[in-house]
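**Student:** Residue numbers (my numbering), protein chains in the order written: chain A, 1 to 81; chain B, 1001 to 1477. We treat Cβ as the ideally placed atom computed from N, Cα and C, and that holds for glycine.
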């Protein structure tokens, strides 16, 4: 998975969880919990769907690496190589 | 023989709009089966049958707004006895499963689509049954409906006499018309959407259709749907009085829904503040043990099996409710009725704004993992606007959790007729003294809003103390 695919995948899943967000306006480096108002349940849902969709299981201890869109992209690229 | 009535889904509900029947006369129904969808100011809600039986007659047309308690249908029970109204206290065990996509009790034609998508389908005259969903778990998305609408309108103008399928499409796409009106409209080639209904709740009657047909043939020879002038619609008769409620709840735009929701919440909260002498208590709880235990437990578990600390807070609340039973129950007719089971209200904030309390019934009989699963399911469906009627009934106590992004603490307003509300602020790291030494701990402020007519600060404090103790031994929950 390259960075663009990873980004698209995560954005697509975000849109399922938070249908009202403007996908073009999601900042790369802002904490998604603030940027698109994700609570802990939403965040877990995102982790769950990324796991379903890509097979990448983000353990809780890695949550801090996937707080931003860029973080997600980097994480997925590194683990699907 | 029994009447199936408009249920009361929360103390702030006075009326509801029937959006859709999922069954018809002669259909068998099963306890817990979703048989209708109603719209309240808060959400579209699946309504479940409370008894096995057979639908005898439907009394209310889709689109009609009726007050709570109005009979909606007559259901003949298998024993021939009176079918109970949905206010029956015993919760059906199946509704949650039944409402999940693909549940066994779900009618085959009950397609998964959010209320927004359903509304769009209605506006575009698309039969959801005929649409293949491309969304999650086969649910129908906005895009699916738009594609279907494009091909549908391209292939066959609505209202043209056609196959049984197109008649069905008309009938399902126009819930606010009587079956007879729909039939006449199809026969006469009239677009129901272009007719201003004069029936109950603004529904289109067969008279309206006849009137529109006369206008269409005299005033215009082309078939472009146009709203008939109102005076002409009742040619030879006095013009019909405008219906009291032209706008159906289903057509209420998001903004208006939001306002209505805020107003409903405000009305209930005003009543609460008027009637309930609140007292407030708070205690700060060290969450180190609980968070460590959750982290350890989640290690090596797939994301779908993981626990959230929020679920542990709920579980601890439920357990401690049973230690101070005077907090769990209803205050009605000037006295308190304690309940020995906990129906746990969970306040869910909706993305578009507004607050909704979903009821996890029988929460005291659920394990921690089960409670977590229910929380996840109920929050997801609350936000998608797909709760079932048993989840909208009045819980025996409510918890509001501000979550990670919220304020430090919340002094709740009790939902009448309940007598307590438990609040959790966000978890924060704070300096904390342990054995005479200063350290840093993750802590949460737990609050209790109690009803002075039933309990006092002393009894309320016992609950918060029990909560603290329980959260120090999460493995025992």
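1) First and last residue of the alpha helix (DSSP H) that includes residue 68 of chain A?
2) If the criterion is Cβ atoms closer than 8 Å, does the pair residue 1020 of chain B and residue 1065 of chain B meet it?
3) If the cut is a Cβ gap below 8 Å, which residues of chain B does residue 33 of chain A touch?
4) Shortest alpha-carbon distance to residue 1058 of chain B belongs to which of B/1051, B/1072, B/1047 and B/1052?
5) Chain A beta carbons: is any one of them nearer than 8 Å to that of residue 1363 of chain B?
6) Can you pull the DSSP bridge partners for residue 1420 of chain B?
7) Output the boundary residues of the beta strand (DSSP E) element that contains residue 1349 of chain B.
8) Using DSSP with H/G/I as helix, E/B as strand and the rest coil, what is residue 1278 of chain B?
9) When the Cβ atoms of the segment 1310-1324 of chain B are set against those of the segment 1358-1376 of chain B, are three or more pairs found closer than 8 Å?
10) Given a cut-off of 8 Å, decide if residue 1303 of chain B and residue 48 of chain A are closer than it, judged by their beta-carbon atoms.
11) Could you give the DSSP three-state label for residue 17 of chain A: helix, strand or coil?
12) How big is the Cα-Cα spacing for residue 1466 of chain B and residue 1029 of chain B?
13) Shorter than 8 Å from the beta carbon of residue 1315 of chain B to some beta carbon of chain A?
14) Between which two residues does the alpha helix (DSSP H) containing residue 35 of chain A stretch?
15) Work out the CA separation of residue 1060 of chain B and residue 1275 of chain B for me, nearest whole Å.
16) Mind checking who residue 1437 of chain B pairs with in its DSSP beta bridge?
17) Around the C-beta of residue 1337 of chain B, are 16 or more other C-beta atoms found within 10 angstroms, so that it is buried, or is it exposed?
18) Which two residues bound the contiguous beta strand (DSSP E) that contains residue 1062 of chain B?
19) Using C-beta distances below 7 Å, list every residue in its chain close to residue 1398 of chain B, excluding the 5 sequence neighbours before and after it, in chain order.
20) In three-state terms, what does DSSP make of residue 1005 of chain B?
21) Can you name the residues of chain A whose CB is closer than 8 Å to the CB of residue 1461 of chain B?
22) So does the segment 1325-1336 of chain B actually touch the segment 1378-1393 of chain B, counting three or more Cβ pairs closer than 8 Å?
23) In chain A, what lies closer than 9 Å to residue 1295 of chain B by C-beta?
24) If we cut at 8 Å on Cβ distances, does residue 1298 of chain B have a partner in chain A?
25) For residue 13 of chain A and residue 52 of chain A, what's the separation of their Cα atoms in angstroms?
26) Starting from residue 57 of chain A, find everything on chain B with Cβ-Cβ shorter than 8 Å and list it in chain order.
27) Give the range of the beta strand (DSSP E) segment to which residue 1046 of chain B is assigned.
28) Residues in the segment 42-56 of chain A with C-beta within 7 Å of chain B's C-beta atoms, listed in sequence order?
29) What residues match up with residue 1373 of chain B in a beta bridge as DSSP calls it?
30) Please list the terminal residues of the continuous beta strand (DSSP E) segment that includes residue 1071 of chain B.
31) In the structure shown, what three-state DSSP assignment does residue 1367 of chain B receive?
32) What are the boundary residues of the alpha helix (DSSP H) that residue 1318 of chain B is part of?
33) Could you give the C-beta distance for residue 1444 of chain B and residue 1425 of chain B, rounded to a whole number, given that I count them as a contact under 8 Å?
34) Hey, residue 1359 of chain B and residue 1321 of chain B: beta-carbon distance below 8 Å or not?
35) Residue 1298 of chain B to residue 1378 of chain B, Cα distance in whole Å?
36) At the level of alpha carbons, what is the spacing between residue 1364 of chain B and residue 1403 of chain B?
**Tutor:** Concretely, from the data shown:
1) The sequence position of residue 68 of chain A within the first chain is 68, counting from 1. Per DSSP, residue 68 of chain A lies in no alpha helix (DSSP H) segment and is marked neither H nor E.
2) For the purposes of this step, residue 1020 of chain B is taken as the residue at position 20 of the second chain. For the purposes of this step, residue 1065 of chain B is taken as the residue at position 65 of the second chain. It is not a contact, given that the beta carbons lie outside the stated cut-off.
3) Working through the first chain from its first residue, we reach residue 33 of chain A at position 33. Contact note: residue 33 of chain A reaches chain B through 1404 and 1405, using a C-beta cutoff of 8 Å and chain order.
4) To locate residue 1058 of chain B, count along the second chain from 1; it is residue 58. Relative to residue 1058 of chain B, the option among B/1051, B/1072, B/1047 and B/1052 whose CA is nearest is B/1072.
5) The residue labelled residue 1363 of chain B in the question sits at position 363 within the second chain. It does not: the Cβ of residue 1363 of chain B has no partner Cβ on chain A nearer than 8 Å.
6) By 1-based counting over the second chain, the position of residue 1420 of chain B is 420. As a beta-bridge residue in DSSP terms, residue 1420 of chain B pairs with B/1450.
7) Position 349 of the second chain holds residue 1349 of chain B. In the DSSP annotation of this structure, the continuous segment of the beta strand (DSSP E) that includes residue 1349 of chain B starts and ends at 1344-1349.
8) As a working note, residue 1278 of chain B is residue 278 in the second chain. The answer is strand: DSSP assigns residue 1278 of chain B an E or B state.
9) Yes, the segment 1310-1324 of chain B is in contact with the segment 1358-1376 of chain B.
10) The count along the first chain starts at 1 and reaches residue 48 of chain A at position 48. The count along the second chain starts at 1 and reaches residue 1303 of chain B at position 303. Cβ distance < 8 Å, so residue 48 of chain A and residue 1303 of chain B count as in contact.
11) Indexing the first chain from 1 puts residue 17 of chain A at position 17. The three-state secondary structure of residue 17 of chain A, taken from DSSP, is helix.
12) For this step, residue 1466 of chain B is matched to residue 466 along the second chain. For this step, residue 1029 of chain B is matched to residue 29 along the second chain. Answer to the nearest angstrom: the Cα atoms are 45 Å apart.
13) Taking the first residue of the second chain as 1, we reach residue 1315 of chain B at position 315. At a cut-off of 8 Å between beta carbons, residue 1315 of chain B makes no contact with chain A.
14) Walking along the first chain from the start, residue 35 of chain A turns up at place 35. Residue 35 of chain A: member of the alpha helix (DSSP H) spanning 32-35, first to last residue.
15) Stepping through the second chain from its first residue, residue 1275 of chain B is reached at position 275. Stepping through the second chain from its first residue, residue 1060 of chain B is reached at position 60. So the two alpha carbons sit approximately 35 Å from each other.
16) If you number the second chain from 1, residue 1437 of chain B lands on position 437. Under DSSP, residue 1437 of chain B takes part in a beta bridge, and its partners are B/1434.
17) The residue given as residue 1337 of chain B occupies position 337 in the second chain. Burial call: exposed.
18) Looking up residue 1062 of chain B in the second chain gives position 62. Taken as a continuous stretch (DSSP letters only), residue 1062 of chain B belongs to no beta strand (DSSP E), as it is neither H nor E.
19) Numbered from 1 along the second chain, position 398 holds the residue referred to as residue 1398 of chain B. Close CB contacts of residue 1398 of chain B within its chain, under the 7 Å cut and outside five residues either way in sequence, are with 1345, 1347, 1357, 1415, 1418 and 1421 (chain order).
20) As a working mapping, residue 1005 of chain B is identified with position 5 in the second chain. DSSP places residue 1005 of chain B within a strand segment (E or B) once states are collapsed to three.
21) Here the question's residue 1461 of chain B lines up with position 461 in the second chain. Neighbours of residue 1461 of chain B on chain A: none; closest Cβ ~28 Å, over 8 Å.
22) Two segments are said to touch when three or more pairs of C-beta atoms, one from each, lie closer than 8 Å; by this definition the segment 1325-1336 of chain B does not touch the segment 1378-1393 of chain B.
23) Working through the second chain from its first residue, we reach residue 1295 of chain B at position 295. Result: 60 and 61.
24) Start at 1 with the first residue of the second chain, and residue 1298 of chain B comes out as number 298. Answer yes: the Cβ-Cβ gap between residue 1298 of chain B and chain A drops below 8 Å somewhere.
25) Numbered from its first residue, the first chain carries residue 13 of chain A at position 13. Numbered from its first residue, the first chain carries residue 52 of chain A at position 52. For residue 13 of chain A and residue 52 of chain A, the distance between alpha carbons rounds to 11 Å.
26) Counting from one through the first chain, the residue named residue 57 of chain A turns up at place 57. Those within 8 Å of residue 57 of chain A in chain B are 1302 and 1303.
27) What you label residue 1046 of chain B is simply residue 46 of the second chain in a count that begins at 1. Segment 1044-1048, the beta strand (DSSP E) holding residue 1046 of chain B.
28) Going along the segment 42-56 of chain A in chain order, one finds 44, 47, 48 and 51 with a Cβ nearer than 7 Å to chain B.
29) Translated into the one-based positions of the second chain, residue 1373 of chain B becomes position 373. Paired residue(s): none; residue 1373 of chain B is not in a bridge.
30) Position 71 of the second chain, counting from 1, holds the residue named residue 1071 of chain B. For residue 1071 of chain B, the enclosing beta strand (DSSP E) has its first and last residue at 1071-1077.
31) The residue labelled residue 1367 of chain B in the question sits at position 367 within the second chain. In the structure shown, residue 1367 of chain B sits in coil (DSSP, three-state: anything other than H, G, I, E or B).
32) Numbered from 1 along the second chain, position 318 holds the residue referred to as residue 1318 of chain B. 1309-1321 is the extent of the alpha helix (DSSP H) around residue 1318 of chain B.
33) If you number the second chain from 1, residue 1444 of chain B lands on position 444. If you number the second chain from 1, residue 1425 of chain B lands on position 425. 6 Å between Cβ atoms; contact.
34) Residue 1359 of chain B sits at position 359 when you count from the first residue of the second chain. Residue 1321 of chain B sits at position 321 when you count from the first residue of the second chain. In this structure, residue 1321 of chain B does not lie closer than 8 Å to residue 1359 of chain B by Cβ.
35) As a first step, residue 1298 of chain B is located in the second chain; it is residue number 298 there, counting from the start. As a first step, residue 1378 of chain B is located in the second chain; it is residue number 378 there, counting from the start. When rounded, the distance between both Cα atoms is 21 Å.
36) The sequence position of residue 1364 of chain B within the second chain is 364, counting from 1. The sequence position of residue 1403 of chain B within the second chain is 403, counting from 1. If I take the Cα positions, the gap works out to 22 Å.
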